[in-house]
Amino acid sequence: MIAFKPTRRVALGLVAAAAATFTIQQPAVAQGIDLAGKTVDWIIPFSESGGSAKWANFYAPLLSEALPGKPTVVVKFMPGAGSTKGANFFQDKKYKDGTTIFGSSGSTQFPYLLGDPRVKYEYGDWNVVLASGTGGVAYLPPDLAKKFNGSANGLKDVDFIYGSQGATRLDLVPLLAWEMLGMKVEPVFGIKGRGDGRLMFERGEANIDYQTSSSYLKGVTPLVKEGKAVPMMSWGALDGDGNIVRDPTFPDMATFKEVCEATDGCETSGEKWEAWKAFFVAGFPAQKMVFLANGAPAEAIATYTAAFEAVKARADFADISKKRLGIYPQMTGNEAKGALESGTNVAPEAKAFVTNWLSERYGVTLKK
Amino acid sequence: MDLIATALPALGEAFSLILQPQQIMFLVLGVLLGLSVGVFPGLGGIAGLSLVLPFVFGMEPVSGLALMVGLVAVIPTSDTFASVLMGIPGSSASQATVLDGFPMAKNGEAARALSAAFISSLFGGLFGAAILTFFILIARPIVLAFGLPEMLMITILGLSMVAILAGRLPLKGVAAAGLGLMVGAIGEADAGGSLRMSTYDIPYLTDGLKLVIVGLGIFAIPEIVALLRQDRSIAKNATLGAGWMAGIRDWWANIWLSIRCSVIGVIVGVIPGLGGSVVDWIAYGHTVQSTKDRTGFGKGDIRGVIGPESSNNAKEGGGLVPTLMFGIPGSGSMAVFIGGVALLGIDVGPQLITNNLDITYTIVWSLALANVVGAGLCILLSGGIAKLTTIRFTLLAPFLFMMISFAAFQSRQSLGDLAALFAVGLIGILLRRFDWSRPAFLIGFVLSTQAENFSFQAYQVAASKFRRGADAGLEYIFSEIVLVLLVVTIISIVIGIRQAKVIMPEGETPIGKKRAPLIFLIAITAYFLVSFFNAQAITIQTDRIFPMTISFVSVICCFALLIQMMRADEGSSIFADREASGEDAEAPHGLWPTLAWFAGLLVLASLLGFILALAIFIVAFLRIRAGLGWPKTLILSALGIAFMLGMATVLNRDFPPGLLQSLVELPWPFR
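Taken in sequence, the protein lines are chains A and B. FYI, the numbering for the first sequence is 1 to 368, going by my numbering. FYI, the numbering for the second sequence is 369 to 1039, going by my numbering.
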């Protein structure tokens, strides 16, 4: 278990520090905002069936209880263009009274990192108040799983179909991983959420799929029990030194790194591996974040930070979050800022490699 | 019988769970909320559920379920009021009800149409719940049998209903549907995100238009404006004919039709990804095709109400199958429902049916009970509410403009909503004037995204299966279900084309001079041409094929129509024009002055914000256009605005802000 558990005192200290810094610039007294009688719209730029929906639905009622004045927290789904649409919408929302918050995901970070022309949002304008890590698991139908024995050598002749939200999204990590293993995976683009991908898998139209941890726990574990799906590998998790280790939520599952080492032609070093790892780090350990809009005052940030701290401090939090989100760090304050930092920056070489790969493999042109 | 052995004890358990005074109370509360929200066009299950979600967390599971299911279940029941009384499609599930329900209201038979609709809804709802009880245990393989080619075929079947609703000239119907498809394709493409007929400089357009706006614009505004020009009541002679008992007798006389349409509703509802958008059209098409005497359709045939209404409530039952079984919502309200259920500590998905069959059945039977209570209440109310159709329409109109503007604003909460509503309304008025099938346009719009995504994805999967071998590919594309649907589609197109001349979804249209219809056709052709070249300029292959194909086919249709127009003599039905003669032309008020009132409201709203604009608009309208005295004017205006404020407070909604609001901080209702 590597979940952070910073004490509440540290967090409050941070909040107080943040508030104090701000008071110098602005004479208003930072007491936090009161949201009594208001409705907080939590915008999720995905459809209702994916991992972000489960994550937001998990947090929304807890957040509602923890915020001062116990406002109603409503999760609003705004899917489109693989989350670019919702994020662009949020970018246009200037901070008003703290009743609009935004939940981003790795699929929002990637187009930003890659300079996708549709991106009109700027992470630097937003104010992070929570960052949640997660993992991901790739899985196969039982008949194909028989050809998989810890190495992907037996899967190189199979024609795989995969329901994808778009190559510039989080799907980049599985697509690149499978290609490194020498597998022929053809993505079918344009699905609205990973839940639809799972349904394609269940219908037999897709014969490989991956889900982020929370969706996997809820949607795929029953299939595994019924013998209709077999986990292939997890993407792993990061240890304190930045090494990829087994995912604590799925300790019995081999990581992609292990599978790669066992598979002929797959290297865990070199520019391809470094690029994969860079995008994995950007996409998973700091995957889902909650933001306040551009121009949010320190008291609003402090209020939300304290609320998420209070949620984490609940006696039953470890138990309920383990069941629904998996065992991953839930970060606030400076930790969340650090997570945002690592999630929205990749090495230029990794970016160049991936940009080039996307254009050669999928014909996606991105502005440099 | 394993099935019955599993189902019966759980059913008994579910009954004892739900038949408690407390649960029934929550159920009725949910039903009342659902009915009130559903009456508003544009506000549906999502708005209603968002109202109760905050109270659901921490509730006892069965009570919470009863509350939420009660609310969701009756929305397709109460949205019928708007469809029948005002010709406004209350939600995507009651689009087809407008076609015959509204003409019935105009004939003074609103109570009959309403009660027939409600009893059909009730029957459909109960039928759906009954089928669901057993079906849910065996449905999994059936749901999984509907892959992308099957969903594409159902979408095409929905589109094939254009044939029967095309009106006198099939080519015009096809072009109208093409226009709908192209309007549906405006904005960022789903697959690659390329922009179509929009730019980032107008962010409103990049998101595409919402059904609320298009439904209100295409159906409601033209009807409201047309009625307003007449200065009389909705029911032509301000009298009510047959009462609500007649509607119930009508339903009983057509019980088999009701059963068949309920079956259609359950089947279409079960397939995830289709939602409610096609089911009422397919049911309407079936109703028309299976009837011998088809001349009355579009002019107020009661069967045109019974068919779609039976199917749309049955669909809710069917829609619970994918929702409960796969955790994949069939509609926006089902999605919020899943969120609410999660708050109660229940996870939807296969494990729910396997491990908690009693909870599952609680949901199913709450649905059934809610239908009984909801439809029962509506039937009792229908006689009274139908009296609205006898009031002088000029007195209703400002409040209708108020309601549709507010409803449209809920789409994106921006002033763009109001501008879009007006623009689409203008298109609707012109389509109506020149007898271009508005139902065909709406079908095209509603199915646009689905048609594009399913065909593209099915093509990709099929291509990969063909690479594996021709057998695998053919087996994938031509499954038994696809073949059956293909046959049904072909039959429906053949019957449709044969019968389209008889069925006038919009009634008779007078014929006018050559010039105006020709100019409109040229404008439409120009739009198709522009969209074609706009699509051609897109670099991502997957985003351009669909708009290019559709606009190409539509341009061909338009050219064929142009040639026909050049050859035809004046007086041919190709030159349909409502302004030439007949009811519209002889109306006491002109089209443009009437429309200008609505435009005035929108312009004022963009300057002063919605509430201030509304106050000025209603007072001015009642005083000048309706010619009321000051006391009546002020009382009615105050009531209208108080109602609007009340709604907004309860639903926690904002009003459209204007220029004034960006300059000065104002307190709440004026904000």
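We put the beta carbon where it would ideally sit given N, CA and C, even for glycine. Quick caveat, the model's predicted, so the values are computed rather than measured.
Below-8 Å beta-carbon distance, residue i vs any chain E residue
i, result
"Gly837 of chain B", "Looking at the structure shown, chain E is missing, and the protein chains on hand are A and B."
Segment limits, alpha helix (DSSP H) that includes residue i
i, result
"Gln932 of chain B", "909-935"
"Phe77 of chain A", "Premise fails: Phe77 of chain A lies in the beta strand (DSSP E), 72-77, not in any alpha helix (DSSP H)."
"Glu309 of chain A", "298-312"
"Val773 of chain B", "This sequence places Ser at residue 773 of chain B; Val is not what is there. Taken as a continuous stretch (DSSP letters only), the alpha helix (DSSP H) holding Ser773 of chain B covers 761-777."
"Glu186 of chain A", "No alpha helix (DSSP H) contains Glu186 of chain A, which is instead part of the beta strand (DSSP E) from 184-188."
"Asp1022 of chain B", "No alpha helix (DSSP H) holds Asp1022 of chain B; DSSP gives it neither H nor E."
Proximity winner among the options, relative to residue i (alpha-carbon distances)
i, options, result
"Ile790 of chain B", "B:Asn681, B:Ala1006, B:Ile592, B:Met1012", "A small fix is needed here, since residue 790 of chain B is Phe in this sequence, not Ile. Among B:Asn681, B:Ala1006, B:Ile592, B:Met1012, the Cα nearest to that of Phe790 of chain B is on B:Ile592."
"Val542 of chain B", "B:Pro509, B:Trp733, B:Ala808", "B:Ala808"
"Asn334 of chain A", "A:Asp159, A:Asn127, A:Glu267", "A:Asn127"
"Phe802 of chain B", "B:Ala738, B:Ile942, B:Trp624", "B:Ile942"
"Leu980 of chain B", "B:Pro1024, B:Ile892, B:Met436, B:Thr762", "B:Pro1024"
"Ser922 of chain B", "B:Ser899, B:Arg912, B:Arg935", "B:Ser899"
"Ala306 of chain A", "A:Val230, A:Gly182, A:Leu155, A:Thr332", "A:Thr332"
"Ile1050 of chain B", "B:Ile1009, B:Leu963, B:Gly1026", "Residue numbering for chain B in the displayed model covers 369 to 1039; residue 1050 of chain B lies beyond these limits and cannot be assessed."
"Ser773 of chain B", "B:Ala788, B:Asp648, B:Phe761", "B:Ala788"
"Tyr362 of chain A", "A:Leu176, A:Thr263, A:Pro348, A:Gly86", "A:Leu176"
"Ile244 of chain A", "A:Gly135, A:Thr344, A:Lys93, A:Met180", "A:Gly135"
"Ile524 of chain B", "B:Val814, B:Ile887, B:Leu886, B:Val829", "B:Val814"
"Pro251 of chain A", "A:Leu181, A:Leu223, A:Gly326", "A:Gly326"
"Asp196 of chain A", "B:Ile984, B:Ala738, B:Ile639, B:Val656", "B:Ile639"
"Met916 of chain B", "B:Ala884, B:Asn902, B:Ala738, B:Phe927", "B:Asn902"
"Ser359 of chain A", "A:Ile33, A:Asp116, A:Ser64, A:Trp55", "A:Asp116"
"Leu547 of chain B", "B:Ala450, B:Ala513, B:Phe920, B:Val647", "B:Phe920"
"Val368 of chain B", "A:Met200, A:Glu226, A:Arg314, A:Met78", "The requested residue 368 of chain B does not occur in the structure, where chain B is confined to residues 369 to 1039."
"Cys260 of chain A", "A:Leu238, A:Lys322, A:Ala302, A:Asn149", "A:Asn149"
"Phe824 of chain B", "B:Trp998, B:Asp911, B:Gly496", "B:Asp911"
Neighbourhood of residue i by C-beta distance below 6 Å, restricted to the same chain and skipping five residues each side
i, result
"Gly283 of chain A", "Gly106, Leu170, Val173"
"Asp125 of chain A", "Asn294"
"Gly432 of chain B", "Val424, Leu712"
"Leu996 of chain B", "Leu990"
"Ala318 of chain A", "none"
"Gly585 of chain B", "Leu789, Val792, Gly793, Gly796"
Run of the beta strand (DSSP E) containing residue i, from where it starts to where it stops
i, result
"Thr139 of chain A", "Just to set this straight, residue 139 of chain A is Tyr in the shown sequence, not Thr. 136-140 is the extent of the beta strand (DSSP E) around Tyr139 of chain A."
"Phe102 of chain A", "100-104"
"Gln388 of chain B", "Here Gln388 of chain B belongs to no beta strand (DSSP E), and DSSP marks it neither H nor E."
"Phe160 of chain A", "159-163"
"Asn88 of chain A", "Premise fails: Asn88 of chain A lies in the alpha helix (DSSP H), 84-92, not in any beta strand (DSSP E)."
"Gln211 of chain A", "209-212"
"Ala127 of chain A", "Checking the displayed sequence, the identity of residue 127 of chain A turns out to be Asn instead of Ala. From DSSP, the beta strand (DSSP E) with Asn127 of chain A extends over 127-132."
Contact set for residue i: own chain, Cβ-Cβ below 7 Å, skip 5 residues either direction
i, result
"Ser52 of chain A", "Ile44, Phe46, Gly103, Ser105, Lys288"
"Gly751 of chain B", "Ala479, Gly611, Trp612"
"Gln932 of chain B", "Ile942"
"Leu976 of chain B", "Gly1026, Leu1028"
"Val346 of chain A", "Leu113, Ala278, Phe279, Ala282"
"Ala378 of chain B", "Leu725, Asp726, Tyr729"
Residues near residue i by beta carbon distance below 8 Å, same chain, minus five either side
i, result
"Arg118 of chain A", "Ala81, Thr84, Asn88, Pro111"
"Tyr95 of chain A", "Leu292, Ala293, Asn294, Gly295, Ala296, Pro297, Ala300"
"Trp357 of chain A", "Leu176, Ala275"
"Gly939 of chain B", "Ile879"
Going along the segment 198-225 of chain A in order, which residues come within less than 7 Å of chain B, judged by CB to CB distance? Leu199, Glu202, Arg203, Glu205, Lys218, Gly219, Pro222
Scan the segment 813-832 of chain B for residues whose Cβ lies nearer than 7 Å to a Cβ of chain A and list them as they occur along the chain. Asn821, Phe824, Gln825, Gln828, Val829, Ser832
Between the segment 547-560 of chain B and chain A, which residues of the former have CB atoms less than 9 Å from a CB of the latter, in chain order? Gly555, Glu556, Ala557, Asp558, Ala559, Gly560
Please specify which runs of the alpha helix (DSSP H), each continuous and at least 4 residues long, are wholly inside the segment 546-591 of chain B, giving them in chain order. 571-574, 579-583
If the cut-off is 7 Å on Cβ atoms, which residues from the segment 506-518 of chain B count as contacting chain A, listed in chain order? Leu512, Gly515, Leu516
Taking beta-carbon pairs under 8 Å, can you tell me which members of the segment 898-912 of chain B lie near chain A? Thr907, Ile908, Gln909, Thr910
Against chain B, which members of the segment 178-190 of chain A pass a CB distance test of less than 8 Å? Glu186, Val188, Phe189, Gly190
Please name the residues in the segment 705-737 of chain B whose beta-carbon is closer than 7 Å to at least one beta-carbon of chain A, in chain order. Ile706, Gly707, Ala710, Leu711, Asp715, Gly717, Pro718, Gln719
For the segment 150-172 of chain A, which residues have a beta carbon sitting closer than 7 Å to at least one beta carbon of chain B? Asp159, Ile161
Using a Cβ-Cβ cut-off of less than 9 Å, list which residues of the segment 572-595 of chain B approach chain A; keep chain order. Thr574, Asp575, Gly576
Going along the segment 82-109 of chain A in order, which residues come within less than 9 Å of chain B, judged by CB to CB distance? Gly82, Thr84, Lys85, Asn88, Phe89, Asp92
Taking Cβ-Cβ distances below 9 Å as the criterion, which residues of the segment 274-306 of chain A are in contact with chain B? none
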